[in-house]
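Enquirer:
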Amino acid sequence: MKLLHIDSSALGSHSVSRGLTADIVSRFKRNRPDANVRSRDLAAQPLPHWSPVADAADPAALLGSEVMDEFLAADVIVLGAPMYNFGIPSQLKSWIDHIAVAGKTFRYTANGPEGLAGGKRVIVASSRGGFYGADTAGAAMDFQESYLRAVLGFLGITAIEFVRAEGVAVSADHKEQALAAAKEAIGTLLPKAA
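Just so you know, we're using the numbering used here here: the sequence shown kicks off at 30 and counts up by one.
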(Lines of atoms letter the chains of each structure in order from A; the text may use other names.)
(Lines give C-alpha, C1' and ligand atoms only; values in the text may rest on other atoms or scores of the structure.)
Protein backbone atom coordinates (compact mmCIF):
# COMPACT_ATOMS: atom_id res chain seq x y z
CA MET A 30 0.00 0.00 0.00
CA LYS A 31 1.31 3.44 -0.98
CA LEU A 32 0.39 6.36 1.26
CA LEU A 33 0.99 9.98 0.30
CA HIS A 34 1.21 12.36 3.29
CA ILE A 35 0.63 16.02 2.42
CA ASP A 36 0.93 18.88 4.93
CA SER A 37 0.04 22.46 4.00
CA SER A 38 -0.11 24.41 7.26
CA ALA A 39 2.34 27.30 7.63
CA LEU A 40 2.22 27.05 11.44
CA GLY A 41 4.94 24.44 11.85
CA SER A 42 4.92 22.82 15.30
CA HIS A 43 1.89 24.94 16.30
CA SER A 44 -0.24 23.38 13.56
CA VAL A 45 -3.27 21.33 14.53
CA SER A 46 -3.66 19.76 11.09
CA ARG A 47 0.00 18.64 11.10
CA GLY A 48 -0.53 16.92 14.43
CA LEU A 49 -3.58 15.14 13.06
CA THR A 50 -1.88 14.00 9.85
CA ALA A 51 1.11 12.75 11.86
CA ASP A 52 -1.26 10.74 14.07
CA ILE A 53 -3.10 9.28 11.06
CA VAL A 54 0.13 8.31 9.29
CA SER A 55 1.64 6.86 12.48
CA ARG A 56 -1.41 4.70 13.06
CA PHE A 57 -1.42 3.55 9.42
CA LYS A 58 2.22 2.54 9.73
CA ARG A 59 1.49 0.67 12.96
CA ASN A 60 -1.56 -1.10 11.54
CA ARG A 61 -0.17 -1.62 8.05
CA PRO A 62 3.56 -2.43 8.25
CA ASP A 63 3.55 -2.81 4.45
CA ALA A 64 2.67 0.89 4.03
CA ASN A 65 5.15 2.78 1.85
CA VAL A 66 4.85 6.41 2.99
CA ARG A 67 5.90 9.41 0.92
CA SER A 68 5.61 12.86 2.54
CA ARG A 69 5.44 16.33 1.04
CA ASP A 70 5.46 19.54 3.09
CA LEU A 71 3.90 22.24 0.94
CA ALA A 72 4.75 25.03 3.40
CA ALA A 73 8.43 24.13 3.78
CA GLN A 74 8.85 23.41 0.07
CA PRO A 75 6.10 25.32 -1.75
CA LEU A 76 5.25 24.45 -5.30
CA PRO A 77 5.34 27.16 -7.92
CA HIS A 78 1.96 28.38 -9.08
CA TRP A 79 0.79 26.44 -12.08
CA SER A 80 1.46 27.93 -15.48
CA PRO A 81 1.63 26.41 -18.94
CA VAL A 82 5.23 25.34 -19.52
CA ALA A 83 6.44 24.80 -23.06
CA ASP A 84 9.89 23.46 -22.12
CA ALA A 85 9.77 20.00 -20.52
CA ALA A 86 13.30 20.58 -19.13
CA ASP A 87 12.05 23.53 -17.05
CA PRO A 88 12.51 22.76 -13.31
CA ALA A 89 8.86 23.67 -12.65
CA ALA A 90 7.72 21.13 -15.24
CA LEU A 91 9.94 18.45 -13.72
CA LEU A 92 8.60 19.18 -10.22
CA GLY A 93 5.03 19.12 -11.53
CA SER A 94 5.69 15.72 -13.08
CA GLU A 95 7.07 14.42 -9.75
CA VAL A 96 4.01 15.72 -7.88
CA MET A 97 1.69 14.07 -10.41
CA ASP A 98 3.59 10.77 -10.20
CA GLU A 99 3.31 10.77 -6.37
CA PHE A 100 -0.40 11.45 -6.57
CA LEU A 101 -1.15 8.84 -9.21
CA ALA A 102 0.89 6.16 -7.40
CA ALA A 103 -0.85 6.67 -4.05
CA ASP A 104 -3.54 4.32 -2.79
CA VAL A 105 -4.23 6.49 0.26
CA ILE A 106 -3.69 10.23 0.60
CA VAL A 107 -3.56 11.86 4.03
CA LEU A 108 -4.13 15.53 3.42
CA GLY A 109 -3.54 18.20 6.06
CA ALA A 110 -5.93 21.04 5.23
CA PRO A 111 -6.32 23.83 7.75
CA MET A 112 -8.98 26.45 7.08
CA TYR A 113 -7.43 29.78 6.15
CA ASN A 114 -9.87 32.64 5.57
CA PHE A 115 -12.76 30.22 4.97
CA GLY A 116 -10.85 28.16 2.39
CA ILE A 117 -7.66 26.17 1.97
CA PRO A 118 -4.07 27.48 2.12
CA SER A 119 -2.70 28.80 -1.17
CA GLN A 120 0.08 26.22 -1.06
CA LEU A 121 -2.52 23.43 -1.02
CA LYS A 122 -4.36 25.09 -3.92
CA SER A 123 -1.08 25.11 -5.86
CA TRP A 124 -0.68 21.36 -5.25
CA ILE A 125 -4.22 20.78 -6.48
CA ASP A 126 -3.45 22.82 -9.60
CA HIS A 127 -0.50 20.49 -10.28
CA ILE A 128 -2.61 17.33 -9.98
CA ALA A 129 -5.82 18.51 -11.68
CA VAL A 130 -4.60 18.06 -15.24
CA ALA A 131 -6.80 17.30 -18.23
CA GLY A 132 -5.89 13.97 -19.79
CA LYS A 133 -4.11 12.78 -16.62
CA THR A 134 -6.60 13.01 -13.74
CA PHE A 135 -9.75 14.04 -15.60
CA ARG A 136 -11.06 14.40 -19.13
CA TYR A 137 -13.94 16.07 -20.86
CA THR A 138 -16.35 13.84 -22.75
CA ALA A 139 -19.55 14.37 -24.71
CA ASN A 140 -21.38 13.44 -21.49
CA GLY A 141 -19.42 15.88 -19.32
CA PRO A 142 -16.23 15.65 -17.28
CA GLU A 143 -14.93 12.27 -16.17
CA GLY A 144 -12.50 11.75 -13.30
CA LEU A 145 -9.55 9.47 -14.04
CA ALA A 146 -8.04 9.23 -10.54
CA GLY A 147 -10.66 7.04 -8.87
CA GLY A 148 -9.88 4.15 -6.57
CA LYS A 149 -7.96 6.28 -4.08
CA ARG A 150 -8.88 6.92 -0.48
CA VAL A 151 -8.39 10.46 0.84
CA ILE A 152 -8.41 11.31 4.52
CA VAL A 153 -8.48 15.05 5.14
CA ALA A 154 -7.25 16.34 8.50
CA SER A 155 -9.16 19.59 8.83
CA SER A 156 -8.51 22.21 11.48
CA ARG A 157 -10.61 25.30 12.01
CA GLY A 158 -10.32 28.12 14.52
CA GLY A 159 -14.10 28.57 14.68
CA PHE A 160 -17.17 26.47 14.00
CA TYR A 161 -18.21 25.93 10.38
CA GLY A 162 -19.98 22.57 10.42
CA ALA A 163 -23.34 22.03 8.71
CA ASP A 164 -25.30 22.77 11.87
CA THR A 165 -23.52 26.04 12.75
CA ALA A 166 -24.09 29.70 11.94
CA GLY A 167 -20.74 29.73 10.09
CA ALA A 168 -21.65 26.89 7.70
CA ALA A 169 -22.19 29.28 4.77
CA MET A 170 -18.56 30.40 5.08
CA ASP A 171 -17.09 26.91 4.70
CA PHE A 172 -15.33 26.93 1.35
CA GLN A 173 -12.71 24.49 2.62
CA GLU A 174 -14.53 21.16 2.86
CA SER A 175 -16.97 21.84 0.02
CA TYR A 176 -14.11 22.78 -2.31
CA LEU A 177 -12.04 19.70 -1.43
CA ARG A 178 -15.05 17.40 -1.91
CA ALA A 179 -15.81 19.04 -5.27
CA VAL A 180 -12.29 19.01 -6.71
CA LEU A 181 -11.44 15.49 -5.50
CA GLY A 182 -14.81 14.25 -6.78
CA PHE A 183 -14.09 15.93 -10.13
CA LEU A 184 -10.91 13.85 -10.29
CA GLY A 185 -12.97 10.70 -9.70
CA ILE A 186 -12.20 10.21 -6.01
CA THR A 187 -15.28 9.27 -4.01
CA ALA A 188 -13.70 7.73 -0.89
CA ILE A 189 -13.17 11.02 0.97
CA GLU A 190 -13.22 11.18 4.76
CA PHE A 191 -12.76 14.18 7.04
CA VAL A 192 -11.29 14.29 10.51
CA ARG A 193 -12.19 17.69 11.93
CA ALA A 194 -10.87 19.73 14.83
CA GLU A 195 -13.21 22.73 15.04
CA GLY A 196 -13.16 25.66 17.42
CA VAL A 197 -9.46 25.29 18.23
CA ALA A 198 -9.03 29.08 18.59
CA VAL A 199 -12.14 29.59 20.76
CA SER A 200 -10.55 28.50 24.03
CA ALA A 201 -8.05 26.03 25.46
CA ASP A 202 -10.96 23.81 26.55
CA HIS A 203 -12.51 23.84 23.08
CA LYS A 204 -9.16 22.98 21.52
CA GLU A 205 -8.62 20.09 23.93
CA GLN A 206 -12.12 18.73 23.24
CA ALA A 207 -11.72 19.15 19.48
CA LEU A 208 -8.40 17.30 19.46
CA ALA A 209 -9.81 14.49 21.59
CA ALA A 210 -12.78 14.10 19.24
CA ALA A 211 -10.52 14.16 16.17
CA LYS A 212 -8.19 11.53 17.64
CA GLU A 213 -11.17 9.33 18.46
CA ALA A 214 -12.37 9.71 14.85
CA ILE A 215 -8.91 8.74 13.56
CA GLY A 216 -9.18 5.44 15.43
CA THR A 217 -12.33 4.55 13.48
CA LEU A 218 -10.77 5.22 10.05
CA LEU A 219 -7.83 2.90 10.13
CA PRO A 220 -7.58 -0.62 8.79
CA LYS A 221 -7.11 -3.60 11.02
CA ALA A 222 -3.54 -4.85 11.38
CA ALA A 223 -2.43 -6.93 8.39
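Each residue gets a CB set at the ideal place from its N, CA and C atoms; glycine is no exception.
1) Are there 16 or more other CB atoms within 10 angstroms of the CB of ARG157, so buried, or fewer, so exposed?
2) What did DSSP end up calling ILE128 once you bin it into helix, strand or coil?
3) Could you check whether ILE35 and TRP124 sit closer than 8 Å to each other, using their CB atoms as the reference points?
4) Can you look up HIS43 in the DSSP assignment and give me helix, strand or coil?
5) With H, G and I counted as helix, E and B as strand and the rest as coil, what does DSSP make of GLY267?
6) Quick check: what's the CA-CA separation for SER37 versus ALA51?
7) Measure the alpha-carbon distance for LYS149 versus LYS204 and round it to whole angstroms.
8) On the three-state DSSP scale, how would you describe ASP63?
9) Distance, Cα to Cα, LEU184 vs LEU121?
10) Out of curiosity, what's the CA-to-CA distance linking LEU219 and PRO81?
11) Can you name, in chain order, every residue of its own chain whose Cβ lies under 6 Å from the Cβ of PHE100, other than the five neighbours on each side?
12) So, is GLU213 buried or exposed, given that buried needs 16 or more other C-beta atoms within 10 angstroms?
13) On the three-pair Cβ rule with 8 Å, is the stretch 129 to 144 touching the stretch 59 to 75?
Expert: In brief:
1) Its Cβ being crowded by 16 or more others within 10 Å, ARG157 is buried.
2) Helix at ILE128.
3) Closer than 8 Å, so yes.
4) HIS43 falls in the helix class under three-state DSSP.
5) In the structure as shown, the chain starts at 30 and stops at 223, and residue 267 therefore has no counterpart that could be examined.
6) Distance between the alpha carbons of SER37 and ALA51: 13 Å.
7) Computed Cα separation, rounded: 31 Å.
8) Coil, per DSSP.
9) Approximately 16 Å between the Cα atoms of the pair.
10) Those two C-alpha atoms are separated by around 39 Å.
11) Same-chain partners within the cutoff: ILE128.
12) Classification of GLU213: exposed, given that the 10 Å Cβ count is below 16.
13) Verdict: no, contact absent.
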